[in-house]
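Numbering (this note's numbering), first residue to last: 546 to 733.
From the three backbone atoms N, C-alpha and C, an ideal C-beta is built for every residue, glycine too.
The structure presented is a predicted model; accordingly, all values stated were derived computationally and were not measured.
Remarks on the structure that follows.
The following block contains the structure:
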């Protein structure tokens with residue numbers, strides 16, 4: 546019996562011994578973030594343009610919070626227009642490639658949202674827009690104020706995230722049905 550326990554305990558000790566501690570993991574995450582910051586270039590002009598794109602995103606989010614499908618279409622169209630006007634001059638090729646990938650997802654998701662009349666179908670497309678916006682904001686950090694990365698655990702059998710200027714939860718995926726359902730994941 547003792548040898549059987551040893552057989553099972555030994556791999557667990559080896560696995561746990563190889564895992565980084567929480568402090569080591571935090572240091573690795575910090576080094577990863579520093580490396581990413583070194584690779585990502587931005588300019589004040591580019592940041593200002595991304596700030597306006599973020600404003601249009603917040604307008605769309607608020608229309609969905611209000612469960613207003615017609616306003617959501619208008620706001621999604623404004624988001625597309627704003628992304629199309631961004632001039633990413635002066636940034637590195639790596640930064641440009643990232644911006645173009647986010648831009649494509651934001652524009653495609655917004656176009657799909659505009660085609661929908663049902664607010665729940667619009668909210669489905671908003672998930673993809675939000676994912677791209679979250680990554681874009683984390684990558685470029687174009688604004689000097691706190692942005693709240695929030696999440697609802699009850700969206701189509703899973704969870705869905707969004708960005709907000711406000712700390713208080715105003716859920717764009719449920720609007721008037723479950724306005725305060727969600728939590729803050731992080732402050733960006």
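query, result
"Classification of residue 668 by the beta-carbon crowding that lies within 10 angstroms, buried from 16 upward", "buried"
"Cross-strand partners of residue 703 (DSSP beta bridge)", "700"
"Inter-residue spacing [alpha-carbon to alpha-carbon] between residue 611 and residue 673", "19 angstroms"
"DSSP-derived helix/strand/coil call for residue 611", "coil"
"C-beta neighbour in chain E for residue 604, strict 8 angstroms", "The displayed structure is made up of one protein chain only, and chain E is not part of it."
"Residue 718 versus residue 695: straight-line alpha-carbon distance, rounded", "11 angstroms"
"Spatial neighbours of residue 687 in its chain, beta-carbon cut-off 6 angstroms, leaving aside the 5 residues before and after", "592, 595, 596"
"Outcome for residue 723 when other beta-carbon atoms lying within 10 angstroms are tallied against a minimum of 16", "exposed"
"4-residue-minimum alpha helix (DSSP H) runs that sit fully inside the segment 651 to 701, ordered along the chain", "664 to 685"
"Cβ-based neighbour list, residue 681, same chain, cut-off 6 angstroms, excluding 5 preceding and 5 following", "647"
"Residue burial classification, residue 645 (beta-carbon count within 10 angstroms, cutoff 16)", "exposed"
"Beta-carbon spacing of residue 714, residue 727 below 8 angstroms", "yes"
"Selection from 661, 721, 685 that minimises the alpha carbon distance to residue 590", "685"
"Nearest-angstrom Cα separation, counted from residue 632 out to residue 641", "10 angstroms"
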